[in-house]
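Working notes for the structure below.
Number of protein chains: 2
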Amino acid sequence: MNQAIETVDQGNRVQDTKERILDAAERLFAENGFATTSLRQITAEAQVNLAAVNYHFQNKESLIRAVLHRRIGPINQRRFDLMDALEFAAGESGPMVLEDVLRAFLLPVLEARTSCPEMRHWPRLLGRLYTELHGSLMELFQREMAPAAQRFTAAINRAEPTLSPEGLAWGLHFGIGSMAHFLAAGELLKFISRGIVDPDDHMEALKHLVAYMAGGLRALRTENKEAAQ
Amino acid sequence: MNQAIETVDQGNRVQDTKERILDAAERLFAENGFATTSLRQITAEAQVNLAAVNYHFQNKESLIRAVLHRRIGPINQRRFDLMDALEFAAGESGPMVLEDVLRAFLLPVLEARTSCPEMRHWPRLLGRLYTELHGSLMELFQREMAPAAQRFTAAINRAEPTLSPEGLAWGLHFGIGSMAHFLAAGELLKFISRGIVDPDDHMEALKHLVAYMAGGLRALRTENKEAAQ
DNA sequence: GTCTATAGTGGGATAGAC
DNA sequence: GTCTATCCCACTATAGAC
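Chains as they are written, first to last, in UniProt numbering: chain Z, 1 to 229; chain X, 1 to 229.
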């Protein structure tokens, strides 16, 4: 009709193409990894032209960057909302429960698989990310995760003040590893448990992961160090 | 000189070529991953001809298989030796300490990086393995790891009888994830700890990992389930 | 903005001389 | 068993018509 509407239409179609590429890339990267997924697979799945990916994103690395960037913000926003609620409930100097903090950290990732359809593949992608990314991509990820790392480190410290900075770092790292491994290789749970555990039950996973991380972190408190060794 | 020595020489050269390929492949797979490492890189590093890899191993997948197979046996043998000693010390019905069992599981992997030069890259490779392998390679790995999985499941159960089979499976899976993530992405620890933790101190890592896993597993005991949630 | 066609690269694998 | 040379394929990226 008029120019304004034409612009909007064009804009929507662009959005559509870009997002279809991002969706397809997210799914395939999650399923098969970054290195083994080709742009051809992505454009085929997204039902767009091969050249579109180079037009909208310059190259494969920038596409990976865009896929990651699109999700990190909302996930961390959800984490921060949950932490805001916790801190409001605890007040200035009230107690903070370690399990609650860990749940605020883990829930947004685990629920992504079920609650929000378009985030279905993020957890698995996150699982892959930690072992597959190198160089500039890893730096991007660290940069975007820094505020969350900082806030949760402080919150865990408030919940467990006797945990040393070193112990907290080890424990958080181990916990992220547990989460990532579960997200990327959940099928191994069927093997280890000989079929009695269902890796797709995310609320069960959350419950166990929260309990496990809390127990592990508490075991790293300084007063437990001699007992453990 | 004579035929016998010639044969030995030839035999050694063959051994040498095959092992040089395996060594180079192990290092490069560990460093850069399976998919992104090319046979050309491997043969260049091993200083052998490109065709040698296809002569001695049929193809890339078989080479990966051979790299994994070479290490799994000795690692698990060391684990079993440590478990033999533990079980001998505990006797028929004596107590078994969870931390000792976990140390028997983890030590052979962590010490590989330092004690035995030619095993230097195995830990990192193991870290990559869990998220990068698919299909037949994963099946090979599971098959070769099954005896260890079985024995350690039984030993943990003996140490912590109130741990349910489900809880044990979740906990073991989470612990393997912590280990794998530490091995594959130890540099992240520097980021998370803002530089105060050294990921290359393996004995420190072992101490923390044992304490963390033990604490995590104990938190999954049935009597703790309600307390945790 | 979208498409076709293709350049340019690097990979896995093999044939065949030595 | 080793090497050179090469085939063939898949990939990323781009040029240029529409």
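By construction, the Cβ of each residue, glycine as well, lies at the ideal position given by its N, Cα and C atoms.
For the set 187(X), 91(X) and 125(X), the Cα lying nearest the Cα of residue 199(X) is the one of 187(X). Remark: C-beta atoms of residue 67(Z) and residue 17(Z) do not approach each other more closely than 9 Å.
Contact check for residue 183(Z) and residue 124(Z): beta-carbon distance about 6 Å, within the 8 Å limit, so the pair qualifies. In this structure, DSSP gives residue 133(X) a state outside helix and strand, which the three-state scheme calls coil. When the five nearest sequence neighbours on each side are left out, the beta carbons in the same chain lying within less than 7 Å of the beta carbon of residue 141(X) are those of 68, 129 and 133, in order along the chain. Taken atom to atom, the span from the alpha-carbon of residue 160(X) to that of residue 99(X) is near 11 Å. By the C-beta density criterion, residue 34(Z) is buried, having at least 16 other C-beta atoms within 10 angstroms.
The shortest CA-to-CA distance from residue 77(X) to any of 118(X), 42(X) and 147(X) is the one to 147(X). Between residue 162(Z) and chain X, the shortest Cβ-Cβ separation is not below 9 Å. Under the 9 Å criterion on CB atoms, residue 77(Z) is classed as non-interfacial with respect to chain X. Interface flag for residue 122(X) against chain Z is unset, since no Cβ pair is found closer than 9 Å. Non-local beta-carbon contacts of residue 87(X) in its own chain, meaning distances under 6 Å to residues more than five positions away in sequence, are absent. The C-alpha of residue 38(X) lies about 55 Å from the C-alpha of residue 90(Z).
Every alpha helix (DSSP H) stretch that sits fully inside the stretch 47 to 127 of chain X and reaches 4 residues is listed by chain position as 50 to 56, 60 to 90 and 98 to 112. For the set 44(X), 158(X), 59(X) and 61(X), the Cα lying nearest the Cα of residue 95(X) is the one of 158(X). Contacts with chain X at 9 Å (Cβ-Cβ) include residue 208(Z).
Your pair residue 216(Z) and residue 175(Z) checks out as a contact, with CB atoms roughly 7 Å apart and the cut at 8 Å. Looking from the CA of residue 55(X), the closest CA among 28(X), 21(X), 30(X) and 71(X) belongs to 21(X). Put simply, the CB of residue 17(X) is far from chain Z, with every gap to its CB atoms at 9 Å or more. For residue 142(Z), a Cβ of chain X is located within less than 9 Å of the residue's own Cβ. Out of 101(X), 219(X), 179(X) and 57(X), the CA that lies nearest to the CA of residue 15(X) is found in 57(X). Taking 9 Å as the CB threshold, residue 202(Z) stays off the interface with chain X. Listed by position along chain Z, the residues whose Cβ is nearer than 9 Å to that of residue 165(X) are 193, 194, 196 and 197. By the neighbour-count criterion, in which 16 or more other beta carbons inside 10 Å mark a residue as buried, residue 172(Z) falls on the buried side. Annotated as proximal: residue 103(Z) and residue 206(Z), with beta-carbon spacing under 9 Å.
Going by C-alpha positions, residue 79(X) is about 8 Å away from residue 107(X). C-alpha of residue 192(X) to C-alpha of residue 179(X): approximately 16 Å in a straight line. Taking the beta carbon of residue 119(X) as reference, no residue of chain Z falls within 9 Å; the closest one sits roughly 20 Å away. In its chain, beyond the 5 residues on either side, 50 have a beta carbon closer than 7 Å to the beta carbon of residue 40(Z).
Ranking 136(Z), 165(Z) and 137(Z) by CA distance to the CA of residue 149(Z) puts 165(Z) first. Nearest CB-CB separation between residue 132(Z) and chain X: below the 9 Å threshold. Taking the Cα positions, residue 131(X) is about 39 Å away from residue 93(X). With fewer than 16 other CB atoms across the displayed protein chains lying within 10 angstroms of its CB, residue 114(X) is exposed. For the 9 Å CB-CB criterion, residue 112(X) and residue 75(X) form a contact. Here the C-alpha atom of residue 170(Z) lies approximately 10 Å from the C-alpha atom of residue 190(X).
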